[in-house]
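*Asks:* Residue numbers (this note's numbering), protein chains in the order written: chain B, 1225 to 1469; chain E, 110 to 485.
Where is the CB? At the ideal position from N, CA and C, for every residue including glycine.
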Amino acid sequence: MHLLEVENLTKRFGGLTAVNEVSFHVDEGELVGIMGPNGAGKTTLFNLISGFLRPTSGTVKFKGENITGLAPHKIVNKGIARTFQIVRPFRHLPVIANVMVSLKSPRGARKIEWLKTDERKALDLLEDVGLSELMLEPAENVGHGDLKRLEMARALATEPDLLMLDEPFGGLNPLETDFLTKSILRMHLDESSRGIVIVEHKLYALMKIVERVIVLHQGEKIAEGKPEEIAKNKKVIEVYMGKEM
Amino acid sequence: MVATYVKRAYSSFAAHVFDVPPRLLALLLFILLLFCPLVKPGQSIQLILRDTFFFAMLAVSWDLLVGRTGQISLGHALFFGIGAYGTALLYQYLALPPWITIPIAILIGISVAPLIGLPCLRVKGPYLALVTMALPLILSAVIKYGPITHITGGEMGIGPLPPLIPTELFQRIGFSYRESLPLVELANYYLALVLLFVFSVVLYKIANSKTGMIFVSILDDELASKACGINVTRYKLMAFTISGLFATMTGAFYAHLVTIVNPWFLSLMHISFPTIIRTFLGGIGTIYGPLVGTHIYFILDRYVLEKMVQLPFLTYTQWTYTRLLIFAAIVIVLIIKWPRGIARFVTDKLQDLEEARDLDERGKWIWKTYKKKKME
């Protein structure tokens, strides 16, 4: 049984087909990348899986359970957490409270570690992503790179079985990209059963860390395979570089 | 033994109240109000302040819903009216004393709030504001509806209701009827003050609890709170119900103080909109802001604008609405100048001073150590 199974997922906005009959799966402990040029339907696919949009047709199965069309907060509590492409912090709240909101959700509040208070847990999560020094700063004063990491800490606070990162490297400088890459990899090694899906533009950063890549183009899946194979795939090169004259 | 406990209590009090500017400000305000009737036992200021306390409660409860959760409601008069009419109708038809009718009216408020909230909170932003604005209008139209005015009292209202603190209470101790009247007013004043204190502390606690944190997260970004696994609808309903509950309580108590209930309790012009103006005056989203804002509003209203009634070119009714216009203009200027309100402005300044002092001390310390090193 796969962790996440997407079958023939389709989303139409009026005449435009944003996602067309896409099927793929993610196994436990797998790091999967989804790539594609602008407007390929990557974010729409994310929104469909996490419940922010209702698919026109097709099903999403998580741990064998059909979760198509469930409310977003219910899906999060089933174990799928996501981050946003454009950071969405709670601007009035301090950084640590941003994480504690997640800890107040039913899944985040599960008492696995009895001796830990919410504050302690939140601080640990912030330490993992390297934000503990900014914990009392209101989120509106925090820079973009740190907010990206805050998004990740917030998603991790619900202890997801599947983590979906929507362009985690967007707008980051090489140094920050490197740091984030490392923390994603470390997280991947620590939690051996957690699946991770990354949508990304920056192929260089993406190809280094993922085990399998799915390529979308105009809403359709055009290729799937190991990074080395994808890099040689003719169709993919065509999509990214254009046809040979 | 006792001394250590007192010391510990004092230090905890100092840490929790003295070091937090808004709390210190609120405490000073309450102390001032506590001694107000003793300094000047005049009737009119006491009555005005008593009314102020009740409208401050209403503004604080509105602030929890709108300032913290971001669900704009223009129909807060609805709950105020439900509380007042609930207790009045119960008195009229069952002849129950106020100490029973008020809790029942509050229960009605609690059960009505989610029923109204569930359909209303499906819409957002300006639409929610419009829907909620319609609600008290509908209720007052029902109350004024011809065929049932003998039940609801119509325009004339229901009254007189029994006062919360009857004069007999004092007459029984030995005061004459004439002597007990000012005592009743004094008792009412302190009752209102205690209620205001309890209301604002409870609402402040709720607003700064972890539930309040989730309210603010909904205000900031609803989608992101959903992505955090928060059942947004549930928390919105919770805020709506808490806010409605406190507004209902205010209405029920106020009805027994003025001893008459009429459609005025549901009017947008006299209840809903002034509440909003008062909250903005003090600073929205702060809980202590509306407290201060309401007092400023009443001082301006009763001691400055009231005097202008003598102007020849306006009738009294025209003047009541012009007053609201003037306040609206003041608020617009304020929002441009100090968007966080007057109370927020003061506390921000206090915080800045504190930080400046800290920096100053640190600077002095650095200078000292620098000089020491130079000497060596």
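I believe Gly-1293 of chain B touches Val-1437 of chain B by the beta-carbon criterion, under 8 Å. Please report the beta-carbon distance rounded to the nearest angstrom.
*Replies:* In fact, because the Cβ distance is near 28 Å, the residues do not count as touching under 8 Å.
*Asks:* Please report the distance separating the alpha-carbon of Val-1439 of chain B from that of Tyr-1428 of chain B.
*Replies:* Roughly 15 Å between the two C-alpha positions.
*Asks:* Given a cut-off of 8 Å, decide if Pro-448 of chain E and Ala-168 of chain E are closer than it, judged by their beta-carbon atoms.
*Replies:* no
*Asks:* Note down, in chain order, all residues in the stretch 326 to 350 of chain E with a beta-carbon under 8 Å from any beta-carbon belonging to chain D.
*Replies:* Checking the listed chains, one finds no chain D in this structure; the protein chains it contains are B and E.
*Asks:* Determine the DSSP secondary structure at Ala-250 of chain E, reduced to helix, strand or coil.
*Replies:* helix
*Asks:* Indicate whether at least one CB of chain B lies closer than 8 Å to the CB of Lys-233 of chain E.
*Replies:* For Lys-233 of chain E, the answer is no, since every Cβ of chain B falls outside 8 Å of its Cβ.
*Asks:* I want to verify the contact list: residues of chain B whose CB lies under 9 Å from the CB of Ile-315 of chain E, in sequence order.
*Replies:* Near Ile-315 of chain E there are no residues of chain B at all, since even the closest Cβ is about 14 Å away, more than 9 Å.
*Asks:* Examine the Cβ distances between the stretch 215 to 223 of chain E and the stretch 265 to 274 of chain E and report whether three or more of them are shorter than 8 Å.
*Replies:* no
*Asks:* Within a Cβ cutoff of 8 Å, which residues of the same chain sit near Gly-1354 of chain B, ignoring the five residues on either side of it in sequence?
*Replies:* Arg-1373, Phe-1403 and Ser-1407
*Asks:* Tell me whether the beta-carbon of Gly-392 of chain E lies closer than 8 Å to the beta-carbon of Arg-453 of chain E.
*Replies:* yes
*Asks:* Residues of chain E with a CB under 8 Å from the CB of Gly-1332 of chain B: which are they?
*Replies:* Per Cβ cutoff of 8 Å: Cys-337 and Gly-338.
*Asks:* So, is Ile-315 of chain E buried or exposed, given that buried needs 16 or more other C-beta atoms within 10 angstroms?
*Replies:* buried
*Asks:* Report the partner residues of Gly-1419 of chain B according to the DSSP bridge assignment.
*Replies:* Beta-bridge partners of Gly-1419 of chain B (DSSP): B:Leu-1386.
*Asks:* To the nearest angstrom, how far is the alpha carbon of Ile-444 of chain E from that of Tyr-1464 of chain B?
*Replies:* Taking the straight line from one Cα to the other gives about 50 Å.
*Asks:* Less than 8 Å between the CB atoms is what I'm expecting for Thr-258 of chain E and Ser-182 of chain E, so what's the real figure, rounded?
*Replies:* With a Cβ gap of about 28 Å, Thr-258 of chain E and Ser-182 of chain E do not count as contacting.
*Asks:* How about Lys-1235 of chain B and Pro-1279 of chain B: are their beta carbons less than 8 Å apart?
*Replies:* Less than 8 Å separates the beta-carbon of Lys-1235 of chain B from that of Pro-1279 of chain B.
*Asks:* Under a CB-based cut-off of 8 Å, is Ser-1326 of chain B close to chain E?
*Replies:* yes
*Asks:* Hey, Gly-1419 of chain B and Asp-1390 of chain B: beta-carbon distance below 8 Å or not?
*Replies:* no
*Asks:* Just checking: is the beta-carbon of Ile-396 of chain E within a distance shorter than 8 Å of some beta-carbon in chain B?
*Replies:* no
*Asks:* Tell me whether Leu-1409 of chain B sits in a helix, a strand or coil according to DSSP, three-state version.
*Replies:* helix
*Asks:* So which residues on chain B does Lys-319 of chain E lean against when the C-beta distance must stay under 8 Å?
*Replies:* The contacting residues are Met-1324, Lys-1328 and Asp-1342.
*Asks:* Using the beta-carbon count (16 or more within 10 Å), is Ala-356 of chain E buried or exposed?
*Replies:* buried
*Asks:* Please name the residue in B:Met-1225, B:Leu-1227 and B:Val-1250 whose C-alpha comes closest to that of Glu-1448 of chain B.
*Replies:* B:Val-1250
*Asks:* So what does Leu-1240 of chain B bridge to, in DSSP terms?
*Replies:* B:Phe-1237
*Asks:* Listing by chain order, which chain B residues have their CB less than 8 Å from the CB of His-393 of chain E?
*Replies:* Here residue 393 of chain E is Ile; the residue named in the question, His, does not match the sequence. The contacting residues do not exist; Ile-393 of chain E stays about 12 Å from chain B at best.
*Asks:* Using alpha carbons as the reference points, say which of B:Val-1230, B:Leu-1240, B:Ile-1291 and B:Glu-1252 lies closest to His-1412 of chain B.
*Replies:* Across the set B:Val-1230, B:Leu-1240, B:Ile-1291 and B:Glu-1252, the C-alpha of B:Glu-1252 shows the shortest separation from the C-alpha of His-1412 of chain B.
*Asks:* So, using beta-carbon positions, are Arg-1315 of chain B and Asp-172 of chain E closer together than 8 Å?
*Replies:* No, they are not a contact pair.
*Asks:* Just to make sure I have the definition right: I need the residues of chain E whose C-beta is within less than 8 Å of the C-beta of Thr-1382 of chain B. Which are they?
*Replies:* Cys-337 and Gly-338
*Asks:* With 8 Å as the threshold, decide whether the Cβ of Met-110 of chain E is near any Cβ in chain B.
*Replies:* no
*Asks:* Starting from the beta carbon of Pro-1296 of chain B, find every residue of chain E whose beta carbon is closer than 7 Å, and list them in chain order.
*Replies:* Lys-335 and Ala-336
*Asks:* Whole-angstrom Cβ separation of Val-1319 of chain B and Met-1359 of chain B, contact assumed at under 8 Å?
*Replies:* 5 Å
*Asks:* May I ask which residues mark the beginning and end of the alpha helix (DSSP H) holding Leu-1255 of chain B?
*Replies:* Not the alpha helix (DSSP H): Leu-1255 of chain B falls in the beta strand (DSSP E), residues 1255 to 1259.
*Asks:* From the DSSP output, read off the bridge partner residues of Pro-1318 of chain B.
*Replies:* B:Pro-1362
*Asks:* Asn-1301 of chain B by DSSP, collapsed to three states: which one?
*Replies:* helix
*Asks:* DSSP on Thr-1283 of chain B, reduced to helix/strand/coil?
*Replies:* strand
*Asks:* What does a CB cutoff of less than 7 Å around Lys-335 of chain E pick up in its chain, not counting 5 residues either side in sequence?
*Replies:* Val-341
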